[in-house]
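J.:
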Amino acid sequence: MIVGCRVPGARQPSANFPEHCQRAPPAKGFEMATTSATPQRTVLTETSFWKRAAVRRNLSAYAFILPFMALFIIFNIGPFFWALWLSLLRGDLVDQVKPFVGLQNYLSLTTDDITLKVFLNSLQYTVSVVPIAVITALALAFLIGNKLVRFKDFYRAVVFFPLLASAAATAQIWSYILAPRYGVLTYLTGLLGIPEIYWLSDPDWALYGILLIEWWRGIGFHIILFLAAMLGVPEELHEAARIDGANAWQVATRVTIPLMRPVILFSVVMGTIWAFQLFDTVFVLTNGGPVHATATMVWYIYNHAFRYGQVGMAAAMGVVLLLIIMPISYVQMRVLGER
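Counting from 2, one number per residue, gives the positions in the sequence shown under this note's numbering.
1. Out of Thr257, Leu117, Phe73, which one is the CA nearest neighbour of Phe143?
2. Helix, strand or coil: how does DSSP classify Phe155 here?
3. Please report the distance separating the alpha-carbon of Val135 from that of Gly146.
4. Could you tell me the distance, in whole angstroms, from the CA atom of His293 to the CA atom of Ala276?
5. Using DSSP bridges, identify the partner residues of Phe101.
6. Who are the Cβ neighbours of Lys153 in its own chain at under 8 Å, not counting the five residues just before and after it?
7. Could you give the first and the last residue of the continuous alpha helix (DSSP H) run that contains Ser176?
8. For Met231, which residues of its own chain have a beta-carbon under 6 Å away from its beta-carbon, when the five flanking residues on both sides are left out?
9. Taking the C-alpha atoms as reference points, what is the distance between Cys296 and Ile211?
10. Assign Ala138 to one of two classes, buried (16 or more other C-beta atoms within 10 Å of its C-beta) or exposed (fewer than that).
11. Let me know the secondary structure DSSP gives Leu323 once reduced to three states.
12. For Ser167, is the classification buried or exposed, using 16 other Cβ atoms within 10 angstroms of its Cβ as the cut-off for buried?
13. Between the Cα of Leu104 and the Cα atoms of Leu110, Asp113, Leu89, which residue gives the shortest distance?
14. Quick one: what does DSSP say Pro181 is sitting in, helix, strand or coil?
15. If you drop the 5 nearest sequence neighbours on each side, which residues of the same chain put their C-beta closer than 8 Å to that of Val336?
16. For Ala327, does the count of other Cβ atoms within 10 angstroms reach 16, so buried, or fall short, so exposed?
17. Would the beta-carbon of Pro163 be found less than 6 Å away from any heavy atom of the ligand SAM?
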């Protein structure tokens, strides 16, 4: 049974007045302080605590990435700005004082016939080797990934091994394979009735000889990427396509390859960047010859910097190469980011 309460008046309540009604109501000012000041102090205290904890966590993260950032700035950002500054100077590598010439080095690149030849060689090589490498790697990936094929791990190791081998060593081996008289490839083409081809000494064929070597070296990277992407395609989609009456070719072209597009794009972009950076095989086998038929942009940069001592021209060509590669990388990041 609940006993009613009267509003306390001037006189004191009697002894029979309920205990919970005998408690005087708090003062108005005290009540406001209780409902406003105390929660505010609590919120401020909790916020300050979480801010301090977040700062401590951030400081710990920054401490872990600080060594990497320091090395990245020293060996990447710093040399970039140094090369950008050198491209505005003219002088030999050992000159302590190099005069400032502004954009003269860049203008010289546009009027130099060898520079144009080098750029066209790099462009021709890139346009040729990237589609060939991607298409053949995709075909071999489907072949190795077939359920009927045994010893898949062995084939993966075989195709990936050339990428791990030394570029100089593989270039020397291929120099014997492509030799005009006693080379293995020359012997095989002779059996087919094909006239003898001077793969590395004929200006019309030398670039394609380099292309053949680099295709063999780099195709393993693309195959491994495509095999990994194929494993990521759900098997239920393949089974559903087969139930609908699709054959193996239709399953590959309408189900598997469309789902592999981000990986294929990544493979194309990486192949393009590597193609523009071709140097080691050219340096070991042909040194840019014959008559600059295999001269590439990186070979050109190396020659101007370390053979002729023209660091300004070399730095200018390096900046141009960077301006070519950056849009390609940007397109890759945008497309992959949207997916």
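Just so you know, even glycine gets a beta-carbon here, dropped at the ideal spot from N, CA and C.
T.: According to the structure data:
1. Thr257
2. helix
3. 16 Å
4. 17 Å
5. Leu90
6. Ile145, Gly146
7. 168-178
8. Gly146
9. One detail in the question is off: residue 296 reads as Ala in this sequence, not Cys. Each residue's Cα considered, the two are about 11 Å apart.
10. buried
11. helix
12. exposed
13. Leu89
14. coil
15. Pro263, Leu266
16. The amino acid at residue 327 is misidentified as Ala; the sequence shows Met. Counting Cβ neighbours within 10 Å, Met327 comes out exposed, since fewer than 16 surround it.
17. Ligands in the displayed structure: none, and consequently the ligand SAM is not present.
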